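Engineer:
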Amino acid sequence: MKHLDDIAPAAYERSSEWELEIDGLFKEFEEPSSGGTNVVLENIDMKVRKGDLISIVGPSGCGKSTLLKIIAGFEKPTRGSVRLGGRTITGSGPDQMMVFQDYALFPWMNTVENVEFGLRIQKLDKKERREKAMEALGRVSLQHVAERPVYMLSGGMQQRVAIARALVMQPRILLMDEPFGAVDAQQRHLLQEELMRIWRDTGQTILFVTHSLDEAIFLSSSVLLMAINPGRFIHSDVITLDRPRDSTSEPFNQIERKLRALLDTEVHKAEAQFEMSIAEQSPKRWWSRRQR
Ligand SMILES: Nc1ncnc2c1ncn2[C@@H]1O[C@H](COP(=O)(O)OP(=O)(O)OP(=O)(O)O)[C@@H](O)[C@H]1O
Ligand SMILES: [Mg+2]
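In my numbering, the protein residues as written are 188 to 479.
1) In terms of residues, what are the limits of the beta strand (DSSP E) holding G272?
2) I want to check one thing, is the minimum distance from the CB of G325 to the heavy atoms of ligand 1 below 6 Å?
3) My assumption, with CB atoms under 8 Å, is that G245 sits in contact with M413. Please give the rounded CB distance.
4) For a test of your reading of the model: does the CB of T452 fall under 6 Å from any non-hydrogen atom of ligand 1? Yes or no.
5) So, does the region 202-216 touch the region 379-389, judging by three or more C-beta pairs under 8 Å?
6) Verify the contact flag: S341, CB atom, against every heavy atom of ligand 2, threshold strictly below 6 Å.
7) Could you give the first and the last residue of the continuous beta strand (DSSP E) run that contains Q283?
8) Sort I421, E218, N440, F439 by Cα distance to S453 and report the nearest one.
9) Would you mind sorting E334 into buried or exposed? The rule is 16 or more other CB atoms within 10 Å of its CB.
10) Go to G325, then tell me how far its alpha helix (DSSP H) extends in each direction, as first and last residue.
11) Using the three-state DSSP reduction, which class does S475 fall into: helix, strand or coil?
12) What are the boundary residues of the beta strand (DSSP E) that G211 is part of?
13) Anyone know if the C-beta pair for S242 and F395 falls short of 7 Å?
14) Between S298 and the rest of its own chain, which residues show a CB-CB distance below 8 Å, the 5 nearest in sequence each way excluded?
15) With DSSP as the reference, identify every bridge partner of D364, one or two as the case may be.
16) From what residue to what residue does the alpha helix (DSSP H) around R419 run?
17) Please confirm if the region 253-260 is in contact with the region 299-315, defined as three or more CB-CB distances below 8 Å between the two stretches.
18) Starting from S341, follow the alpha helix (DSSP H) in both directions and report where the run begins and ends.
19) Could you spell out the range, first to last residue, of the alpha helix (DSSP H) harbouring T224?
20) With G252 as the anchor, note down where its alpha helix (DSSP H) starts and where it stops.
21) Under 8 Å Cβ to Cβ from S423, same chain only, skipping five residues before and after it: list those, please.
22) Could you give the first and the last residue of the continuous alpha helix (DSSP H) run that contains L377?
23) Rounded to the nearest angstrom, what separates W474 and G343 at their Cα positions?
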């Protein structure tokens with residue numbers, strides 16, 4: 188069997204460091220309706236090596252985005268520790284850049300100004316800012332639209348701008364929350380291939396959330412599967428298929444079938460729990476849902 192080192196980018200092969208270390212992480216939200224607490228993440232332990240590309244899959248609502256937001260420093264853990272490059276994360280910053288499904292670009296800025304945004308906050312001078320931004324745009328093959336307003340770009344192009352805007356900060360970790368969920372299948376495949384190229388060329392550490400098992404297996408060095416209520420990891424697979432991966436090959440499909448069975452079980456459990464909670468809170472509503 189191939190070791191992870193054989194298929195990962197150069198930066199990873201050299202690295203034995205843990206870039207991200209999460210120990211005993213819990214996240215609870217208050218439930219205003221009941222006055223109780225909702226345990227969203229329970230006892231999450233996770234280590235990501237420098238240069239790894241890890242995907243997380245799990246049923247809707249299991250806490251994937253919450254986990255990414257905690258690593259990004261947008262949310263605080265209730266308990267437990269999250270360390271990046273050996274230092275505890277205390278807030279958001281350029282070391283943890285996030286890419287969202289909806290691009291979140293600034294519509295009043297042109298393409299290169301969007302990419303420069305974080306560098307402007309860091310008070311880099313204009314020339315250096317522009318050089319770095321153009322280099323990042325080159326990584327996503329978009330230098331030719333640098334001066335174009337972002338609203339003139341296609342969805343796929345806008346997402347590449349969002350990736351360039353994150354990469355330009357040279358983060359320790361790139362956090363991607365269903366980044367290709369809003370584009371069509373053709374664009375999605377192009378974006379996946381582009382991300383593979385970026386990963387290979389830069390050795391960027393990436394944590395990638397997706398609903399698509401196919402996407403997770405195509406991209407990742409490991410796939411982690413989460414369960415719901417409370418959100419926790421229940422399975423992990425190191426993917427050692429040769430790259431570029433062929434999603435129609437039998438070994439690829441074998442992995443997908445195995446993960447699909449595990450994921451479907453979790454999704455069905457989540458649906459049953461949801462039905463039960465509605466039935467408990469409002470038998471009338473539960474009955475009317477059943478009639479539909
Ligand atoms: N700020 C918040 N306040 C209260 N509850 C929250 C908050 N943010 C998330 N939650 C709850 O935490 C749970 C997990 O949400 P989260 O968005 O992390 O799930 P997810 O796995 O990303 O789902 P999806 O696949 O649909 O994106 C949900 O029950 C959600 O309602
Ligand atoms: Mg989410």
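Just so it is clear, CB atoms sit at the ideal spot from N, CA and C, and this is done for glycine as well.
From a predicted model like this one, the values you see are computed outputs, not experimental measurements.
Structural biologist: Answer, in terms of the structure:
1) To locate residue 272, count along the sequence shown from 1; it is residue 85. Premise fails: G272 is in no beta strand (DSSP E) and is neither H nor E.
2) Taking the first residue of the sequence shown as position 1, residue 325 is located at position 138. False, no ligand heavy atom lies under 6 Å from that Cβ.
3) Taking the first residue of the sequence shown as 1, we reach residue 245 at position 58. Taking the first residue of the sequence shown as 1, we reach residue 413 at position 226. G245 to M413, Cβ: 3 Å. Contact.
4) As a position in the sequence shown, residue 452 is number 265, starting the count at 1. Flag unset: Cβ of T452 not near ligand 1.
5) no
6) Within the sequence shown, the letter at position 154 stands for residue 341. Not so, every heavy atom of ligand 2 lies at least 6 Å from the Cβ.
7) Start at 1 with the first residue of the sequence shown, and residue 283 comes out as number 96. Start and end: 283-286.
8) Locating residue 453 in the sequence shown gives position 266, counting from the first residue. Correcting the residue identity first, residue 453 is Glu in this sequence and not Ser. Per the Cα distances, I421.
9) On the sequence shown, residue 334 is found 147 positions in, with the first residue counted as 1. Classification for E334: exposed.
10) Walking along the sequence shown from the start, residue 325 turns up at place 138. G325 -> alpha helix (DSSP H) spans 313-326.
11) As a working note, residue 475 is residue 288 in the sequence shown. It is helical.
12) Within the sequence shown, residue 211 is the residue found at index 24, counting from 1. 205-217 is the span of the beta strand (DSSP E), which, as asked, contains G211.
13) Taking the sequence shown and counting its residues from 1, the one referred to as residue 242 is at position 55. Taking the sequence shown and counting its residues from 1, the one referred to as residue 395 is at position 208. Taking 7 Å as the Cβ cut-off, S242 and F395 qualify as a contacting pair.
14) In the sequence shown, the residue the question calls residue 298 occupies position 111. Contrary to the premise, residue 298 reads as Thr rather than Ser in this sequence. Cβ neighbours of T298 beyond the five flanking positions: L324, L329, V332, A333, E334, R335, P336, V337, L340, V348.
15) Working through the sequence shown from its first residue, we reach residue 364 at position 177. V396, per the DSSP bridge assignment.
16) The residue given as residue 419 occupies position 232 in the sequence shown. No alpha helix (DSSP H) holds R419; the beta strand (DSSP E) holding it covers 419-425.
17) no
18) By one-based count along the sequence shown, residue 341 stands at place 154. Unbroken run through S341: none, as it is neither H nor E.
19) Taking the first residue of the sequence shown as position 1, residue 224 is located at position 37. Taken as a continuous stretch (DSSP letters only), T224 belongs to no alpha helix (DSSP H), being part of the beta strand (DSSP E) at 224-236.
20) The sequence position of residue 252 within the sequence shown is 65, counting from 1. Here residue 252 turns out to be Ser, not Gly, going by the sequence shown. Counting along the chain, the alpha helix (DSSP H) containing S252 begins and ends at 251-259.
21) If you number the sequence shown from 1, residue 423 lands on position 236. So the list reads S409, V410, L411, L412, once near-sequence residues are dropped.
22) Residue 377 sits at position 190 when you count from the first residue of the sequence shown. L377 -> alpha helix (DSSP H) spans 372-389.
23) As a working mapping, residue 474 is identified with position 287 in the sequence shown. As a working mapping, residue 343 is identified with position 156 in the sequence shown. Roughly 42 Å separates the two Cα atoms.
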